[in-house]
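Only one structure is covered here, and it is reproduced in the block below.
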Amino acid sequence: MDRWEVLNKKMDRWEGMKKTITETLEGAMHEKENRIKGSLTSFQFFLIATISSFAYYIVPNYLFPSISALSFICWIWRDSITAQIIGSGRNGLGIGSFSLDWTVISGYLGNPLVMPFFTLDNL
6 MDRWEVLNKK
16 MDRWEGMKKT
26 ITETLEGAMH
36 EKENRIKGSL
46 TSFQFFLIAT
56 ISSFAYYIVP
66 NYLFPSISAL
76 SFICWIWRDS
86 ITAQIIGSGR
96 NGLGIGSFSL
106 DWTVISGYLG
116 NPLVMPFFTL
126 DNL
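Structure representation (structure tokens):
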């Protein structure tokens, strides 16, 4: 079976990277470290980075979903059902709505930073 086996070079890179990540996390979690006064241990840094990453994703997506679709049309004509249908970016057509959420901005054309502005402007 060994002579028919094809080795994929990308898999070799992934195995090496996986080993490095595993060793780094195990070292941060289990090694005893002498903490210098005023500095962080590896585990404390890992914990702060994990909590910060969690807060970075949970706050916009679950606590403030209204920043994903802002519409001036709905703000101007609050009592008009037609204006709500036309302007609402969440439940309507989304005409005139804009977003402050990067996932919504990049969801339409992919990442807008990849293409030059004149290319995006001509689409």
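Residue 6 is where the sequence shown starts when you use the numbering used here, and the numbers rise one by one after that. Just so it is clear, CB atoms sit at the ideal spot from N, CA and C, and this is done for glycine as well.
Out of the options, which one is the CA nearest neighbour of residue i?
i: Gly101; options: Trp80, Ala60 and Val119; result: Trp80
i: Leu75; options: Thr55, Gly21, Gln89 and Gly43; result: Gln89
Express the C-alpha separation of residue j and residue i in angstroms, rounding to a whole number.
i: Val64; j: Glu28; result: 31 Å
i: Ala54; j: Tyr61; result: 10 Å
i: Pro121; j: Trp107; result: 18 Å
Identify, in the order they occur along the chain, each residue of the same chain with its Cβ nearer than 7 Å to the Cβ of residue i, setting aside the five sequence neighbours on each side.
i: Met6; result: In this predicted model, Met6 has a pLDDT of only 49, less than 50, meaning its place in the structure is not dependable enough to derive any value.
i: Thr46; result: Glu38 and Arg40
i: Gly92; result: Ser76, Ile78, Cys79, Ile100, Gly101 and Ser102
Per DSSP, residue i is paired with what?
i: Leu75; result: Phe103
Considering only the beta carbon of each residue, do residue i and residue j sit closer than 8 Å?
i: Leu98; j: Ile72; result: no
i: Phe48; j: Met34; result: yes
Which residues in the same chain as residue i place their Cβ atom closer than 6 Å to its Cβ, once the five residues preceding and following it in sequence are excluded?
i: Asp126; result: none
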